[in-house]
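Enquirer:
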Amino acid sequence: MRTEPCGKWVRGFVGDTVVVDTRDPLLFWEDRLPVPFYAVPEGDVADGVLQPATGEPPRQPFFFLPQGPVSRWFDVVVGDRRLPHAAWIREDPALAGRVVVSWQPGLLDRWLEEDEVVAGHPRDPYHRVDALPSSRHVTVSVDGTVVADSHHPVLLFETHLPTRYYLPVEDVVRSAVVPADTRSHCPYKGDADRYWDVVGPSGDRLADAAWSYSTPFPAVSEIAGRVAFYNELVDITVDGVPQPRPVSPFSDAENRPS
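All residue numbers for the sequence shown refer to the UniProt record's numbering, where the first residue is 1 and numbers rise by one.
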């Protein structure tokens with residue numbers, strides 16, 4: 001486990017109640033996950049909020065759970081609301097005296113870093129995202145059938161992740177994509193508010209294999225309204241050169257939005 005002190009003022013809310021309020025958060029990276037989380041001093045959690053959890057701890061969603069031994073699990077309780085297994089003490093000397101409160105969507109209602117809302121997970125100070133317009137020729141195929149073909153991509157380079165190719169919507173074969181109800185949030189790019197299943201030549205669907213940000217954060221504004229595909233699920237060529245399918249956390253369906 002890797003840790004790093006962080007000078008941010010971090011707060012977590014259930015409704016309007018502050019349940020975490022710390023100026024001494026510790027960023028930590030679990031060995032099996034590419035993103036950090038916060039461990040906070042136990043005294044920076046509101047009195048009476050943490051109550052011993054009962055029953056078996058959850059096994060999913062894997063992405064938001066501890067990746068090693070836990071000495072104690074807690075429910076987060078505020079008024080009539082009980083959030084089961086929403087906090088824990090990780091059995092690791094690097095986090096001694098600290099508690100981890102989950103950032104899993106649907107548990108705490110909101111997290112602030114200083115006065116800015118951040119969702120999904122804390123921002124990694126070593127994480128960078130660049131969106132660069134390009135004239136490369138990009139094709140996307142499923143089982144040999146082209147579902148997108150563009151000479152005007154925007155290439156998005158993100159630390160620890162495969163290059164994503166954001167294509168104009170008019171360069172996507174409309175019959176090859178079917179709208180899905182999925183939505184997701186990225187702390188670096190914003191809300192992915194449109195998803196599509198991708199339909200192969202046999203009629204089989206790749207669920208939630210393409211997505212788009214209508215109003216991304218300003219730092220990546222070039223991707224607005226464009227469509228990207230999971231390189232892990234489809235075949236991509238760039239300037240006629242087939243790209244190997246990468247292995248990333250999103251290769252596992254459990255880590256993809258759904």
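Even for Gly, the Cβ is constructed at its ideal location relative to N, Cα and C.
Can you name, in chain order, every residue of its own chain whose Cβ lies under 6 Å from the Cβ of valine 138, other than the five neighbours on each side?
Expert: These residues qualify, in order along the chain: Ser150, Pro153, Tyr165 and Val238.
Enquirer: Under the three-state reduction of DSSP, which class applies to residue 281: helix, strand or coil?
Expert: In this structure the chain extends from 1 to 258, so residue 281 is not present and cannot be described.
Enquirer: Tell me, please, whether the region 51–63 touches the region 108–119 by the rule of three or more beta-carbon pairs shorter than 8 Å.
Expert: No, because fewer than three Cβ pairs between the region 51–63 and the region 108–119 fall closer than 8 Å, the two stretches do not touch.
Enquirer: Which of helix, strand or coil does DSSP assign to proline 36?
Expert: Here proline 36 sits in strand by DSSP.
Enquirer: Between the Cα of lysine 189 and the Cα atoms of Thr17, Leu26, Val220 and Glu170, which residue gives the shortest distance?
Expert: When each option's Cα is compared against that of lysine 189, the closest is Val220.
Enquirer: CA-CA distance, arginine 72 and arginine 90?
Expert: If I take the Cα positions, the gap works out to 8 Å.
Enquirer: Taking 8 Å as the threshold, find out whether the region 36–45 comes into contact with the region 12–28 through three or more Cβ pairs.
Expert: Flag = yes, the region 36–45 and the region 12–28 touch.
Enquirer: Once you ignore the five residues that flank alanine 209 on each side, which residues in its own chain have a CB closer than 8 Å to its CB?
Expert: Cβ within range, chain order: Trp196, Asp197, Val198, Phe229, Tyr230, Leu233 and Val234.
Enquirer: Quick one: which unbroken beta strand (DSSP E) runs of 3-plus residues sit fully inside the region 58–111? Chain order, please.
Expert: The qualifying runs are 70–78, 81–90 and 98–101.
Enquirer: Would you list the residues sitting across from leucine 26 in a DSSP beta bridge?
Expert: Per DSSP, Pro5 and Ala39.
Enquirer: Could you work out which residue in Leu156, Glu4 and Lys8 is closest to residue 334 when comparing CA atoms only?
Expert: No statement about residue 334 is possible, as the shown extent of the chain runs from 1 to 258 and does not include it.
Enquirer: On the DSSP bridge assignment, give the partners of threonine 139 in chain order.
Expert: DSSP lists Asp149 and Thr237 as partners of threonine 139.
Enquirer: Give every residue of the same chain whose Cβ lies closer than 6 Å to the Cβ of arginine 123, excluding the five residues on either side of it in the sequence, and list them in chain order.
Expert: Around arginine 123: Pro187.
Enquirer: Does the separation of the CB atoms of proline 76 and valine 35 fall below 9 Å?
Expert: Checking the displayed sequence, the identity of residue 76 turns out to be valine instead of proline. Contact flag unset, no.
Enquirer: Give the DSSP-derived three-state secondary structure of aspartate 130 in the structure shown.
Expert: Aspartate 130: strand per DSSP, three-state reduction.
Enquirer: Does the beta-carbon distance from residue 259 to valine 19 come in below 9 Å?
Expert: Any question about residue 259 goes unanswered here, given that the chain covers just 1 to 258.
Enquirer: With a Cβ-Cβ cutoff of 9 Å, do valine 10 and aspartate 21 count as a contact?
Expert: Yes, these two residues count as a Cβ contact at 9 Å.
Enquirer: Just grab the DSSP bridge partners of glycine 225 for me.
Expert: Its beta-bridge partners do not exist; DSSP assigns none.
Enquirer: Please classify alanine 119: does DSSP put it in a helix, a strand, or coil?
Expert: Looking at alanine 119 - three-state DSSP - the assignment turns out to be coil, as it is neither helix nor strand.
Enquirer: Under a three-way DSSP split, which group does glutamate 114 fall into?
Expert: In this structure, glutamate 114 counts as coil in the three-state DSSP scheme.
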